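One structure is given below, encoded as structure tokens.
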Amino acid sequence: MSFGVIGVLIVITLGFIVWKFDYRKLLTFVQPPGTEIGTAFGPEYNVASPSPIEEKTSFAAGSQATLSTELQRLLDLINYYRATNNIRPLLVSPTLNTAANWMANDMASHNYLSHTDSLGRDPFERMSGFGYDYNTWKGENLAGGCDSPPSCFELWKNSPGHNANLLNSNFMVIGLGKAYNSNSTYGWYWATEFGGYNDSPDSDNDGFADNVERYIGTDPLDSCPDNLNDPAWPFDIDNNAYIDVRDILKIAAAGVLLTKEGDPKFNRRYDLNANGKINVEDLLLYSAKKVLMTRCSN
Ligand SMILES: [Ca+2]
Ligand SMILES: [Ca+2]
Ligand SMILES: [Ca+2]
Ligand SMILES: [Ca+2]
């Protein structure tokens, strides 16, 4: 009998969510964390196990704002699923991303699958520890044993508690992590952290958070276009370093108004508030941010 060519893995997913009242709106009552949805083990799946690829995922001390190709694929699956349910896409939070990366590595290296990490912290204590300490919606989906973004995504989608996290419209940001340990029970470990407040910095100080600019496709580190091929400034659709009504007309002329993520004509470049839809809200941003008739200069 050949050994280890085809194996069977038990796949387990875990979901965790709590709603904390916003004390800014409701001063006297804060619901303590601890309400769990979807933490029951299972459903269990039997999956044929391909030979795993050893992949090093190291924990960096600084915050991580960008994703590997595979985690980007997982995020694309989640966001496409949200779009088909008419729910805004999730942007990457650097602090939640660091927390998710740490959590996946912690589970893999300590060989466990639980919302309580090896330091005894629940997800909310852990998120706070990585800087995400806002009084807002928070959630966590974990998985072990699935070896690709689509397989993990399907597990979560088919489990009511996890699915509720995937489709929670209160969530605006996400962090994603995965890790592999050949000497562990499940091999692959995945962690996703959800949050209701966008804590991304705005590095170039142009009024758009870095993760919004990454979503739109403009440069988070540059607030002024140098030439027609330099998509630096979200408002400046024609990249001429000047914001005027022509930029607004350009959106109308592109035929993208009233499209949403998933539609053939949808183009994120015009989704200035990064909510998965292009409509008058995006146009109103021009006046709301008082950028009309302004120029930038390098
Ligand atoms: Ca910016
Ligand atoms: Ca920019
Ligand atoms: Ca312009
Ligand atoms: Ca929009």
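For the sequence shown, our numbering gives the first residue as 3, with consecutive numbering after it. Built from N, CA and C at the ideal position, the CB exists for glycine as well. If you're wondering where the values come from, they're calculated on a predicted model, not measured in any experiment.
Annotated three-state conformation of Thr296 is strand, per DSSP. Within 6 Å of the C-beta of Glu215 there is at least one heavy atom belonging to ligand 1. Linking Asn172 to Thr138 through their CA atoms gives a straight-line distance of about 9 Å. Rounded to whole angstroms, the Cβ separation of Tyr272 and Val258 is 5 Å, and the two are in contact under 8 Å.
Contact check for Ala276 against Gly177 fails: the beta carbons are separated by 7 Å or more. Shown here, Asn167 sits in a helix according to DSSP, grouped into three states.
In the structure shown, Gly209 adopts coil according to DSSP, grouped into three states.
Annotation: Tyr244 to Leu77 spans about 34 Å, alpha carbon to alpha carbon. Apart from sequence neighbours up to five positions away, the residues of its chain that approach Asp246 with a beta-carbon distance below 7 Å are Leu294, Met295, ordered along the chain. Taking the Cα positions, Phe268 is about 12 Å away from Ala85.
Secondary structure of Lys291 (DSSP, three-state): coil. Taken from the Cβ of Thr138, every heavy atom of ligand 2 lies 6 Å or farther away.
The way I'd put it, the stretch 184-192 does touch the stretch 132-147; three or more beta-carbon pairs between them come closer than 8 Å.
Going by DSSP, Ala276 is part of no alpha helix (DSSP H) at all; its letter is neither H nor E. Its chain contains Phe210, Pro236, Arg270, Arg271, Asp273, Leu274, Ala276 as the residues whose beta carbon lies nearer than 8 Å to that of Ile218, once the 5 sequence neighbours on both sides are disregarded; these appear in chain order. When secondary structure is reduced to three states using DSSP, Gly219 falls in the coil class, being assigned neither helix nor strand. For Phe196, the enclosing beta strand (DSSP E) stretches over residues 190-197. For Ser70, the closest alpha carbon among the candidates Val94, Tyr82, Lys262 is that of Val94. Cβ atoms of Ser205 and Leu223 come within 8 Å of each other, at about 6 Å.
The continuous stretches of beta strand (DSSP E) do not include Glu156, which lies in the alpha helix (DSSP H) extending over residues 151-159. Where Gly177 is concerned, there is no enclosing alpha helix (DSSP H), although the beta strand (DSSP E) around it starts and stops at 175-182. Counting along the chain, no alpha helix (DSSP H) covers Ala243, and no H or E run does either. No heavy atom of ligand 1 is found nearer than 6 Å to the CB of Phe268. Listed as beta-bridge partners of Gly264 by DSSP are no residues whatsoever.
For Ala106, the uninterrupted alpha helix (DSSP H) run begins and ends at 96-112, by DSSP. A straight-line Cα-Cα distance of about 20 Å links Lys159 and Pro125.
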